[in-house]
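Residue numbers (our numbering), protein chains in the order written: chain A, 170 to 419; chain B, 170 to 419; chain C, 170 to 419; chain D, 170 to 419.
Idealized CB from N, CA, C, for every residue including glycine.
Heads up, the thing below is written out as structure tokens.
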């Protein structure tokens with residue numbers, strides 16, 4: 170019987186935030202949104218000036234002992250020899266500018282890159298992906314010398330400014346960054362942005378789809394972020410990840 | 170050796186209906202037609218004014234103890250604290266208007282949403298999907314304030330009227346609803362509607378497909394709903410679900 | 170270490186033919202070429218007027234005890250209560266007209282149906298699928314009253330005549346039938362026809378592909394049917410099927 | 170916890186080269202880049218005039234005892250009855266002309282063949298596939314009589330000359346050949362060439378993508394081949410292969 174305790178909303182302390190961070194890594198790898206690259210993070214509920222993120226390894230194999238604490242300038246707070254992700258500055262900058270954001274995703278789904286290198290804005294075509302009813306902001310202002318990676322404070326801030334108050338942004342030829350008011354929303358946004366990009370791509374190959382109206386978008390977003398809907402999805406994704414990854418033992 | 174007893178047609182009592190409801194959930198999740206959302210139901214053979222449906226959890230993990238009894242106004246008959254699906258009213262309204270229907274599916278396959286937001290009618294292009302030889306009715310008359318979800322009695326009735334005597338209907342930007350004269354037909358219709366949408370999509374990207382004629386459609390439907398064909402498919406889907414889901418222990 | 174004894178070419182007796190028939194069912198299900206429908210057969214090496222084929226169940230679950238012996242008019246020779254596939258007449262008719270054929274496949278891959286309902290001839294675009302260098306014959310002459318299924322002697326003969334000396338034929342809105350000089354060739358032809366249809370489809374969506382020339386086709390066919398190439402593939406497919414299907418215990 | 174010792178760069182001796190060759194076979198099969206055909210090789214660190222490659226079996230099942238030593242004319246140095254791959258001459262010729270190359274891949278991914286038979290040059294559209302910023306050379310000069318296979322010294326040399334100093338080349342209707350300065354780079358190049366072809370294909374179906382500039386390509390290549398990035402990917406791919414293939418016991 171599916172255990173409803175798995176869904177708990179915002180973490181009450183650092184330990185719960187670390188567990189949610191591990192689960193987000195595992196879920197997004199298991200659902201095909203993350204592969205060898207990409208990363209997620211969760212703001213520290215005990216100190217809003219730091220966040221939790223895995224060391225530089227593939228999300229599919231992240232465990233609690235791989236999680237580092239990082240501050241909003243991207244400095245590693247944890248006393249460790251582990252290497253952090255180069256692009257942790259994306260997360261740091263967003264947490265600095267967006268006090269409403271408690272979790273961040275950055276990844277490279279195939280359909281999102283395809284639409285990004287055509288500069289086609291991603292926008293809701295499906296009810297269950299209704300949170301993207303406003304076209305996502307687009308980033309193509311890469312710092313020369315960084316290999317299209319966001320690794321400097323300056324570019325991290327530029328990405329955060331491009332994001333503005335949106336749910337995410339698309340980066341040309343690179344992928345996307347998505348935020349959430351909690352880990353569950355961030356995971357939902359990451360999976361459903363990929364799903365919407367796929368459906369939108371299919372529709373665009375045959376014609377011009379009818380996008381969700383602003384009113385439809387607002388209403389579906391509220392429905393999707395309700396405890397009923399978000400909790401059902403989260404429990405589902407956790408149960409699937411645990412079934413596929415028996416080494417995840419909490 | 171494949172056990173042919175698994176196919177039994179209409180349930181003889183409530184207990185069998187609940188088992189078939191669980192199997193339909195598992196099969197449709199295992200075949201990729203249902204994911205975190207979507208739901209199925211089976212009319213109660215002991216009381217045609219109620220039906221069985223899982224509580225609000227993902228179909229992949231439904232077990233017998235998750236099944237609720239619901240009446241045709243959408244009231245939960247079972248004495249329980251479990252939450253029901255918000256869109257159970259789709260099922261309730263259809264059972265009210267369509268006395269021939271014993272099972273209902275509602276879900277959101279990718280290709281069906283893509284075609285729906287272009288308002289391209291789904292119609293049989295493949296022999297094995299011949300039951301959709303008449304283009305499915307199309308619904309785009311969402312109640313303001315409900316987030317494109319069918320949750321009011323009034324809209325449930327509108328959906329049922331749009332369905333009319335058809336096998337299913339397509340809902341713009343949302344998905345589809347499919348019915349059956351028994352659970353096995355409903356499961357076949359749900360899987361093959363998805364398959365037909367995929368093949369039709371592929372064909373439309375290159376040209377104008379030759380659809381099945383009305384005569385071809387009528388004949389293939391009869392063949393597909395025969396005990397030989399439907400029983401073979403049902404046994405196959407059950408065997409695959411049981412292999413992939415060892416926790417399903419009946 | 171991969172066991173090279175698995176590849177043995179033509180069966181020496183009925184018992185080996187039955188084993189190869191089971192393996193072909195399992196391989197083609199495991200490689201995604203067969204699902205709930207479709208069937209394969211192997212000519213009886215002890216009696217060229219009969220062939221072996223599973224009873225009417227899904228190929229993924231076929232075992233030795235499910236194999237029937239059938240004659241070239243489609244009569245079931247085995248003393249059994251099992252039901253045979255309705256379309257066994259396709260196999261019977263081909264064995265009657267084509268003495269060079271020792272194994273037959275009939276199935277419904279997605280991409281083949283999509284191309285078939287556009288009447289786009291399938292033809293080799295890939296070296297490893299070079300055996301289809303002559304466009305496959307096309308069948309769209311269904312007998313009224315049979316639901317686009319080939320179930321009468323008369324239509325079986327018509328299908329066999331359309332096939333002529335070709336490796337296979339495409340049936341509009343239905344699927345394909347493929348033959349082989351032995352089971353291994355039939356399995357290779359079935360998998361690679363599906364693969365070629367997929368690659369050809371992808372190419373046609375962007376432009377006009379360069380097809381293999383007749384000379385290229387002849388040469389690649391010879392190379393693919395060599396013991397080295399065919400044996401390597403067969404051993405690979407058997408090993409994969411056995412890994413995925415532990416119930417297959419010979 | 171993910172074991173970082175798995176990434177070791179260039180093999181120190183023949184024994185390590187053989188292990189890396191086995192891992193490359195398993196990884197590329199597990200990631201869907203190799204199937205029944207295709208092959209990889211690793212130059213012998215103890216003798217730059219020979220290289221290691223599996224006997225003629227499917228990559229998914231290669232073990233250490235299947236690895237042969239072959240010289241740069243394609244002669245089998247190992248004292249064995251095993252058969253070598255016919256196309257080993259591709260590898261031999263490249264090792265002869267390209268002293269910087271320590272590992273070679275040859276395979277047939279679907280999307281690469283599709284683009285190849287349209288003669289559409291493959292070129293970086295994604296940051297993580299930035300190493301292909303210069304369009305790959307194209308080969309369509311097959312030796313008559315060889316079935317589009319590269320099996321003669323003369324044609325092996327012609328392929329090597331077409332490759333020139335590039336990272337790989339595309340062969341019309343056949344597939345691709347990719348090289349690396351070490352096994353890890355070769356594996357990354359093989360997987361990401363397939364990925365880039367897929368994303369580029371998707372983009373081309375809707376419009377004209379913005380390709381990576383030369384500067385972007387140079388920078389991303391440097392980032393991708395860094396120990397941090399390449400090591401993370403290699404460890405990820407090894408861990409996934411070991412999880413999926415329990416028979417790989419080193």
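- Query: Of the residues that make up the segment 240 to 261 of chain C, which ones have a beta carbon closer than 8 Å to any beta carbon in chain B?
  - Reply: 252 and 255
- Query: In chain order, what residues of the same chain have a beta carbon less than 8 Å from the beta carbon of residue 351(A), not counting five sequence neighbours either side?
  - Reply: 178, 179, 271 and 272
- Message: If you reduce the DSSP assignment to three classes, tell me which class residue 205(A) lands in.
- Response: coil
- Message: Assuming the contact rule is C-beta atoms closer than 8 Å, residue 225(C) and residue 252(C) should be a hit. Round their C-beta distance to whole Å, please.
- Response: 5 Å
- Item | the segment 351 to 360 of chain C contacting the segment 394 to 410 of chain C, beta-carbon criterion three pairs below 8 Å | yes
- Under the three-state DSSP convention, the category residue 340(D) falls into: strand
- Message: If you reduce the DSSP assignment to three classes, tell me which class residue 252(A) lands in.
- Response: Coil, per DSSP.
- State yes or no: is the beta carbon of residue 409(A) nearer than 8 Å to at least one beta carbon in chain D? With 8 Å as the cut-off, residue 409(A) does not count as an interface residue toward chain D.
- Message: Assuming residue 407(B) is part of the alpha helix (DSSP H), what are its boundary residues?
- Response: Boundaries of the alpha helix (DSSP H) harbouring residue 407(B): 396 to 413, taken from the DSSP string.
- Message: Within 8 Å, do at least three Cβ pairs link the segment 334 to 342 of chain A to the segment 179 to 190 of chain A?
- Response: no
- Flag residue 331(C) as yes when its Cβ comes closer than 7 Å to any non-hydrogen atom of the ligand FMN, and as no otherwise. Looking at this structure, you won't find the ligand FMN or any other ligand, since it has none at all.
- Item | Nearest-angstrom beta carbon gap, residue 260(D) and residue 207(D) [assumed within contact, 8 Å] | That pair is no contact at about 12 Å.
- Query: So, does the CB of residue 277(B) fall closer than 8 Å to a CB anywhere in chain A?
  - Reply: yes
- Query: Does residue 201(D) come within less than 8 Å of chain C when only Cβ atoms are used?
  - Reply: no
- What does residue 313(A) reach in chain B if we use C-beta pairs closer than 9 Å? Result: empty, since nearest Cβ-Cβ is about 39 Å, beyond 9 Å.
- Item | Per-residue contacts from residue 378(B) into chain C (C-beta, under 7 Å) | 286 and 287
- Query: Should residue 388(C) be flagged as near chain D, meaning a C-beta pair shorter than 8 Å?
  - Reply: yes
- Going by DSSP, what residues sit across from residue 240(B) in a beta bridge? Answer is 219(B).
- With 8 Å set as the bound, which would you pick, yes or no: does the beta-carbon of residue 225(C) sit closer than that to a beta-carbon of chain B? yes
- Residues of chain D with CB under 7 Å from residue 297(C), in chain order? 206 and 277
- Tell whether a beta-carbon distance below 8 Å holds between residue 231(B) and residue 238(B). no
- Item | Same chain only: Cβ atoms within 7 Å of residue 366(C), ignoring 5 sequence neighbours per side | Cβ neighbours of residue 366(C) beyond the five flanking positions: 278, 280, 281, 284 and 291.
- residue 344(D) versus residue 377(B): straight-line alpha-carbon distance, rounded: 31 Å
- residue 210(B) - partner residues in DSSP beta bridges: 222(B) and 273(B)
- When burial is assigned at 16 or more other CB atoms within 10 Å of the CB, is residue 229(C) buried or exposed? buried
- Quick one: does residue 372(B) have its CB under 8 Å from some CB of chain A? No, no contact with chain A.
- Message: Between which two residues does the alpha helix (DSSP H) holding residue 326(B) run?
- Response: Residue 326(B) -> alpha helix (DSSP H) spans 322 to 332.
- Message: I'd like the list of long-range same chain contacts for residue 329(B), defined as Cβ closer than 6 Å, with 5 residues on each side in sequence excluded.
- Response: 262, 263 and 266
- Message: What does the alpha-carbon distance come out to for the pair residue 222(C) and residue 327(D)?
- Response: 48 Å
- Three-state class that DSSP yields for residue 230(A) in the structure shown: helix
- Query: Based on the DSSP output, what are the partners of residue 349(C) in its beta bridges?
  - Reply: 272(C)
- Task: Would you mind sorting residue 419(B) into buried or exposed? The rule is 16 or more other CB atoms within 10 Å of its CB.
- Result: exposed
- Query: So residue 308(B) and residue 357(B) are in contact, right, with Cβ under 8 Å, and what is the actual spacing, rounded?
  - Reply: About 22 Å; that fails the 8 Å criterion.
- Item | Any chain D beta carbon closer than 8 Å to residue 441(A) | Given a span of 170 to 419 for chain A in the structure shown, any question on residue 441(A) remains unanswerable.
- Item | Span of the alpha helix (DSSP H), counted from its first residue to its last, around residue 189(B) | Element bounds for residue 189(B): 183 to 199.
- Message: Does the contact criterion of 3 or more C-beta pairs under 8 Å hold for the segment 372 to 390 of chain B versus the segment 294 to 309 of chain B?
- Response: yes
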